[in-house]
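See structure below.
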Amino acid sequence: MILCHGEHARTRRTVASPLRLLAAVTLGLSLQATHAAPDYPVTAAQRGTARQVAEAGVPLSELAPNAPESHTVRRGDTLWDISKLFLRSPWRWPELWGMNLEQIRNPHLIYPGQELVLVREGGRARLQFGRAGEGTVKLSPRVRAGDVDNGPVASISLHLIEPFLNDAIVLEANELESAPRIVAGREGRVLLGRGDTAYVRGEMPPLRNWRVFREARPLLDPDTKELLGHEAAFVGSAEYVRPGSVTPSADGKSQEIVPGTVVLTALRQEAGAGDRLAQAPTRDTTNFMPHAPAAPVAGRIVSIYGDGLSAGQNQIVALNRGQADGIERGHVLVLQRAGERVADRTDPQRATLQLPDEPHGHLFVFRVFNRVAYALILDAQTAVRPGDRFTQP
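The sequence shown maps to residues -36 to -1, 1 to 357 in mature numbering (1 follows the signal peptide of the UniProt record, and there is no 0).
Put into structure tokens, the structure is as follows:
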């Protein structure tokens, strides 16, 4: 779960977006001498925001109504949760990142066990590490070593999207049409499961790991009906066994086609004849920070991943905007519920009114292609359907 329910859950787990950066701010003091952690990118705009609030902090009006005085980061916390715990708008994490700016090397290092303290002064608020009234707490090597196994908190719950970071693909053209294809299973099996042998036709370099996809389907823009790309549904993984060949027949008058062989090692759904194989890339689980788009953006949901008619929290949707439209990983978008058309009952003429659209949830973009992006539904008050609108926060 990305978002927690109830005050108790919020106090324990709702800590993950701005805090991570915040915590890293003060954390820079205690990690100055430690250079083992990698540096993560911080955009010029994010750093500029941090400079603006480096001394002033954020207005109290930007804090969540029940923002706690302190929070101890726990295993399972995410940056989104932490931001939501302290801020009305969790994607505005840079506005809490304001302490010890010159000391920060890596604003992503917030670990379980660290205490985050909310300091309110002169109508402004700042976050810092340590216990209220005791200043910053330096983390000893022993304590850090104990928390290293847990790792720094993630932006969101990565287990929800990790399978999709490389498995969900959108092709500009349907390149899978010419990819190797499963033609048969052992002993005439039509549906193949994990551990089954599959026979493949097509050119296959002797690479060990392959991915299996169902035939790609077109993704059409809900408004213009323009082709945005071809979505290939992930079926599972396969391991290369032997290549195919062409051999003379027994009578020497023709040739026999011997398909290549793979073993299905992991499946999301049963495989079968016609499924296509593609080379498996290196899985990309690089962390990314929740943030709002720098410019206005609006679009619609193209589809629910997995052919669902509707979706809710923690499900994946495809958007009709991508890299060409300025969408990037980490963008937080707002779901908009279409306003109804109603009759004005107070008007003798019964004039028709178009009620305004209302926000009812949030999306987190985690994979971006040229014309399409995939997003996780962070929360939604009502069912999300293809054609629903989204905008910048």
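Glycine included, every Cβ here is placed at the ideal spot set by N, Cα and C. This one's a predicted model, so the numbers in the text were calculated from it and none came from an experiment.
For residue i, the first and last residue of its enclosing alpha helix (DSSP H)
i: F50; result: L43 to F50
i: I268; result: Per DSSP, I268 belongs to no alpha helix (DSSP H); it is in the beta strand (DSSP E), A262 to I268.
i: H295; result: It is not in any alpha helix (DSSP H) - H295 carries neither H nor E in the DSSP assignment.
i: H324; result: Not the alpha helix (DSSP H): H324 falls in the beta strand (DSSP E), residues E322 to V332.
Helix, strand or coil at residue i [DSSP, three-state]
i: Q92; result: strand
i: S201; result: strand
i: G152; result: helix
i: S142; result: helix
i: E33; result: coil
i: G(-9); result: Any reading at G(-9) is ruled out, since the residue's pLDDT is 30, under 50, leaving its predicted position unreliable.
i: A288; result: helix
i: S209; result: strand
i: L273; result: coil
i: I120; result: coil
i: L283; result: strand
i: L171; result: coil
i: E220; result: strand
i: E85; result: strand
i: E26; result: helix
i: D187; result: coil
i: D131; result: helix
Contacting residues, own chain, Cβ-Cβ under 6 Å from residue i (five flanking each side not counted)
i: P260; result: Q356
i: E314; result: Strictly speaking, residue 314 in this sequence is Arg, with Glu absent from that position. The answer, listed in chain order, is A307.
i: Q287; result: V332 and N334
i: P54; result: S(-20), W44, S47 and K48
i: P186; result: R264 and G351
i: E195; result: V134, R181 and L183
i: E33; result: L82
N-terminal and C-terminal residue of the beta strand (DSSP E) that residue i is part of
i: I74; result: That residue, I74, is in no beta strand (DSSP E); it is neither H nor E in DSSP.
i: L317; result: T316 to Q318
i: T161; result: T161 to R165
i: G193; result: L191 to A196
i: Q243; result: R240 to Q243
i: D343; result: A337 to A344
i: A307; result: R305 to A307
i: T355; result: R353 to T355
Residue environment, residue i, which counts as buried when at least 16 other CB atoms sit within 10 Å
i: E190; result: exposed
i: Q78; result: buried
i: P212; result: exposed
i: D311; result: exposed
i: residue 367; result: Residue 367 cannot be examined here, being either before or after the span of the chain that is shown, -36 to 357.
i: P323; result: exposed
i: H123; result: exposed
i: R175; result: buried
i: D271; result: exposed
i: E98; result: Note on E98: pLDDT 44, under 50, position unreliable in the model; the coordinate value appears next. It is exposed - the Cβ of E98 has fewer than 16 other Cβ atoms within 10 Å.
i: I146; result: buried
i: L317; result: exposed
i: I221; result: exposed
i: V164; result: buried
Close Cβ partners of residue i (< 8 Å) along its chain, the five nearest in sequence each way excluded
i: V37; result: V(-22), L(-18), A(-14), I46, I74, Y75, P76, G77, Q78, E79, L80 and V117
i: Q345; result: R301, H324 and G325
i: V348; result: I265, I268, S274, A275, G276, Q279, V281, L299, G325 and I341
i: R305; result: T316, L317, Q318 and L319
Cβ-based neighbour list, residue i, same chain, cut-off 7 Å, excluding 5 preceding and 5 following
i: L156; result: G149, A162, L228, E234, A235 and G236
8 Å Cβ cutoff, residue i in contact with chain B
i: H123; result: You won't find chain B in this structure, because it holds only one protein chain.
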